[in-house]
Amino acid sequence: SIPLGYFGGIGRAAREGILVKGSNYLDALKEASIVAFDKTGTLTKGVFKVTRVETRNGFSEEEIIRFAALAEAHSNHPIAKAIREAYGEEINEAEIVEYEEIAGHGVRARIDGTEVLVGNDRLLHRFKVEHDTCRVKGTVAHVVINGKYAGYIIISDEIKDDAPLAVKELKRLGIKKVVMVTGDNKDVAGEIARQLGLDGFYAELLPEDKVRVIEELEKEAQGKVVFVGDGINDAPVLARADVGVAMGALGSDAAIETADVVIMDDKPSKLPRGIRIARKTQRIVW
Ligand code: ADP
Ligand code: MG
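Following full-length UniProt numbering, the numbering of the sequence shown begins with 363 at its first residue and continues without gaps.
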């Protein structure tokens, strides 16, 4: 027997740009009780801009931006794009002798004879580089040149216009808990959580930590746990959640493939819309 109602529900969701990959996910959406959003590209625009460069140990702003842009030449991370844009010059690929992206940390590269690190506190800790602990409103990318701390680049992102509506609608639907999980620092995460009125946030997480947070939320949830992400580094989290939702337009191919639900236009408010449609969908079996 074919539950005809599901075709109705899935079709209706699809017409609104919400692709549900099976009737079981429509059922799960109906029972959603906790929603966890990724930050970058999901609640925020994911369009970063360099807003400040702070220099240390005699390095110049130009050196920092140039080496950072070259080191980030092959990264798809929004931070990398912002740094390349701030540099503004054509990048000579031949100069990049070695390149390694370390998920949740940053990048390490060799530019001609120069060893360059660009990333967060965790990256510097890993390579045992002493640096300032700066408390700034924004995402920080530290830059290390030949083992010396050269300074940091402040990169700012903005909350999506649609994000406040998404949170409000989820609350209106009776979702118990709306939280954010992010690899970014506590200051940035706390400020966004406050502005959006979230029930909580988990910051400074590695992709595997995000999986662990989802598992804990699943233990405490009365119903289903939904994770919404843009999928950059987040494919394991999308796979682990009861319902993994990917933002389609910005998201990676891996994310779209792994996700149970894909939101085509990157509006987080499509999630409450999808839950509403799921709740209205009746099982009509013939
Ligand atoms: P989120 O999407 O929650 O911000 P990510 O796992 O994509 O989480 O990134 C976590 C953190 O790792 C970023 O906030 C940044 O500090 C650092 N990072 C990751 N990739 C890069 C990169 N290419 N360049 C600099 N920093 C990076
Ligand atoms: Mg991300």
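From the three backbone atoms N, C-alpha and C, an ideal C-beta is built for every residue, glycine too.
Suppose contacts are defined by Cβ-Cβ distances below 8 Å. Is residue i in contact with residue j by that definition?
i    : j    : result
V491 : G475 : no
T402 : G500 : no
I637 : G371 : no
A444 : F410 : yes
E566 : K548 : yes
K530 : T406 : no
I441 : V505 : no
D592 : A617 : yes
F589 : G606 : yes
H467 : R497 : no
G450 : V469 : no
V587 : L560 : no
So, at 8 Å on beta carbons, what are the nonlocal neighbours of residue i in its own chain, with the 5 sequence-adjacent residues on each side left out?
i    : result
N438 : I594, S614
A601 : T620
R446 : A431, E434, A435, I453
G408 : T402, P440, D519, D592, L612
Between the options, which lies nearest to residue i when the distance is taken from Cα to Cα?
i    : options                : result
V599 : R472, E580, R534       : E580
N386 : L479, D604, G610, Q557 : D604
T417 : I515, A565, N547       : I515
Q557 : E520, R472, G591       : E520
A430 : D571, G408, R472, G379 : R472
D400 : K572, R641, V469       : K572
G536 : H487, D494, I517, V397 : V397
S518 : V502, K533, A512, Y511 : V502
K619 : A597, P634, R470       : In the sequence as presented, Lys is not what sits at residue 619; that position holds Glu. Out of A597, P634, R470, A597 has the C-alpha closest to the C-alpha of E619.
L485 : E452, R534, L568       : L568
E582 : S395, V543, L560       : S395
T495 : L479, G513, G585       : G513
V478 : E447, G408, Y511, R446 : Y511
K533 : I507, L633, R377, A435 : L633
D483 : G384, E570, D546       : D546
G384 : G373, E570, G408       : G373
Can you list, in chain order, the residues of its chain with a C-beta nearer than 6 Å to that of residue i? Leave out the 5 residues immediately preceding and following it.
i    : result
A375 : V382, G636, I639
R544 : The question names Arg, but residue 544 is Thr in the sequence shown. Correct list, in chain order: K401, A551, A565.
Q584 : S395
A448 : V412, I427
Could you pull out every residue in the same chain whose Cβ sits closer than 7 Å to the Cβ of residue i, ignoring the five residues on either side in sequence?
i    : result
S631 : D524, L527, A528, E531
T404 : V590, G591, D592, M609, P630
R641 : K392
H493 : L486, H504, Y511
I380 : V623, I625, K632, R635, G636
V415 : E423, I426, I427, G513, I515
- Using 8 Å as the threshold, is the segment 461–474 in touch with the segment 405–423, meaning 3 or more CB pairs across them? By the criterion of at least three beta-carbon pairs nearer than 8 Å, the segment 461–474 is not in contact with the segment 405–423.
- Query: Using 8 Å as the Cβ pair cut-off and three pairs as the minimum, do the segment 612–631 and the segment 379–396 touch?
  - Reply: The segment 612–631, when compared against the segment 379–396, does touch it at the 8 Å Cβ threshold.
- How do the segment 447–456 and the segment 547–555 stand: do at least 3 beta-carbon pairs fall below 8 Å, yes or no? The segment 447–456 vs the segment 547–555: no contact.
- Query: Does the count of Cβ pairs from the segment 566–577 and the segment 523–537 closer than 8 Å reach three?
  - Reply: Between the segment 566–577 and the segment 523–537, the count of Cβ pairs shorter than 8 Å is below three; the stretches do not touch.
- Item | alpha helix (DSSP H) segments (min. 4 residues) lying fully within the segment 501–527 | List check, alpha helix (DSSP H) in window: nothing returned.
- Item | In chain order, each alpha helix (DSSP H) run of at least 4 residues that lies wholly inside the segment 517–583 | DSSP runs (the alpha helix (DSSP H)) wholly in the segment 517–583: 525–534, 548–558, 569–582.
- Message: Suppose only complete runs of 4+ residues qualify. What are the alpha helix (DSSP H) ranges in the segment 413–476, listed by chain order?
- Response: The DSSP assignment places 423–433, 440–449 as complete runs of the alpha helix (DSSP H) inside the segment 413–476, in order along the chain (cut-off: 4 residues).
- Item | Completely contained alpha helix (DSSP H) runs for the segment 598–646, where each covers 4 or more residues | DSSP runs (the alpha helix (DSSP H)) wholly in the segment 598–646: 615–620, 632–642.
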